[in-house]
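When the letters of the sequence shown are read in order and numbered with numbering that gives the first Met the number 0, they come out as residues 0 to 190.
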Amino acid sequence: MRIGMFGGAFDPPHNAHVAMARAAVEQLKLDQLRVMLTGNAWHKTRQLTDAKDRVAMARLAFESLPKTVVDEREVKRAGATYTVDTLRELRAEFTQALLFLIIGEDQAAAFTTWREWAEIMKMATVCVAQRKAVRPGPVEGLPFTPLQLPSMPVSATDIRAKAAKGEDISLLVPPPVASYIAHHHLYRGNR
0 MRIGMFGGAF DPPHNAHVAM ARAAVEQLKL DQLRVMLTGN AWHKTRQLTD AKDRVAMARL
60 AFESLPKTVV DEREVKRAGA TYTVDTLREL RAEFTQALLF LIIGEDQAAA FTTWREWAEI
120 MKMATVCVAQ RKAVRPGPVE GLPFTPLQLP SMPVSATDIR AKAAKGEDIS LLVPPPVASY
180 IAHHHLYRGN R
């Protein structure tokens with residue numbers, strides 16, 4: 000089996016996240032992609048949106064992608080959430096599987112600051128989503144596997160800011176996510 004792990008706050012999940020998940024499943028020929036929502040994010044300076052809302056939005060964003068499962072283990076875990084711990088759990092659960100960790104270019108640039116990053120490299124093939132204009136290859140001298148994506152200048156930070164101002168975000172997030180944000184009045188008053 001080929002199991003991928005795609006982690007993030009998904010606050011909110013947006014179209015680039017969905018494109019990245021689709022690219023991972025197709026390009027890595029995954030049997031399953033586990034979308035992991037960050038629990039207690041040690042590296043985030045802001046308060047994340049409530050886990051129940053992020054889980055609901057992730058389910059709406061990724062439900063139509065084949066071979067994709069929203070995994071809640073990190074939001075249910077007490078204490079700080081670290082990728083290495085989640086990979087260890089996946090290794091115990093899928094003892095014979097090949098594991099793939101899917102990350103973005105921004106995460107790759109800071110990868111050597113992650114807890115036990117060298118151990119992560121031993122447990123999983125680390126795949127970096129790269130824009131087509133970027134030359135594929137190692138980042139920070141590490142042997143990352145590239146995932147090719149079209150240029151999609153979408154950021155959750157910008158989406159939250161637009162939603163806070165009441166601006167239209169319907170072209171930036173999957174339609175069911177836009178409806179959920181509007182219905183639950185998420186990000187109002189946030190910047």
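Built from N, CA and C at the ideal position, the CB exists for glycine as well. If you're wondering where the values come from, they're calculated on a predicted model, not measured in any experiment.
Alpha carbon of residue i to alpha carbon of residue j, nearest angstrom
| i | j | result |
| --- | --- | --- |
| residue 181 | residue 19 | 24 Å |
| residue 37 | residue 141 | 24 Å |
| residue 96 | residue 31 | 10 Å |
| residue 2 | residue 85 | 13 Å |
| residue 33 | residue 7 | 11 Å |
| residue 184 | residue 155 | 16 Å |
| residue 186 | residue 48 | 8 Å |
Residue from the options whose Cα sits closest to the Cα of residue i
| i | options | result |
| --- | --- | --- |
| residue 92 | 27, 176, 72, 168 | 72 |
| residue 64 | 77, 82, 22, 94 | 22 |
| residue 146 | 81, 124, 157, 161 | 124 |
| residue 78 | 149, 184, 39, 35 | 39 |
| residue 143 | 53, 153, 103, 62 | 103 |
Beta carbon of residue i nearer than 8 Å to that of residue j
| i | j | result |
| --- | --- | --- |
| residue 122 | residue 90 | yes |
| residue 148 | residue 117 | no |
Close Cβ partners of residue i (< 7 Å) along its chain, the five nearest in sequence each way excluded
| i | result |
| --- | --- |
| residue 88 | 72 |
| residue 179 | 55, 56, 59 |
| residue 132 | The pLDDT assigned to residue 132 is 49, lower than 50, so where the model puts this residue is not dependable; a value taken from the coordinates is nonetheless given after this. The residues are 150. |
Nonlocal neighbours in the same chain, by C-beta distance under 8 Å from residue i, ignoring five residues either side
| i | result |
| --- | --- |
| residue 176 | 11, 12, 13, 56, 59, 60 |
| residue 29 | 1, 2, 3, 23, 66, 99 |
| residue 167 | 161 |
| residue 35 | 4, 5, 6, 7, 70, 72, 73, 85 |
Cβ-based neighbour list, residue i, same chain, cut-off 6 Å, excluding 5 preceding and 5 following
| i | result |
| --- | --- |
| residue 50 | 74 |
| residue 76 | 38 |
| residue 101 | 3, 5, 23, 126 |
Where the alpha helix (DSSP H) through residue i begins and ends
| i | result |
| --- | --- |
| residue 86 | 82-92 |
| residue 156 | 155-163 |
| residue 29 | From DSSP, residue 29 is part of no alpha helix (DSSP H); its letter is neither H nor E. |
Element boundaries [beta strand (DSSP E), containing residue i]
| i | result |
| --- | --- |
| residue 4 | 1-7 |
Test: residue i CB closer than 8 Å to a CB of chain C
| i | result |
| --- | --- |
| residue 140 | You won't find chain C in this structure, because it holds only one protein chain. |
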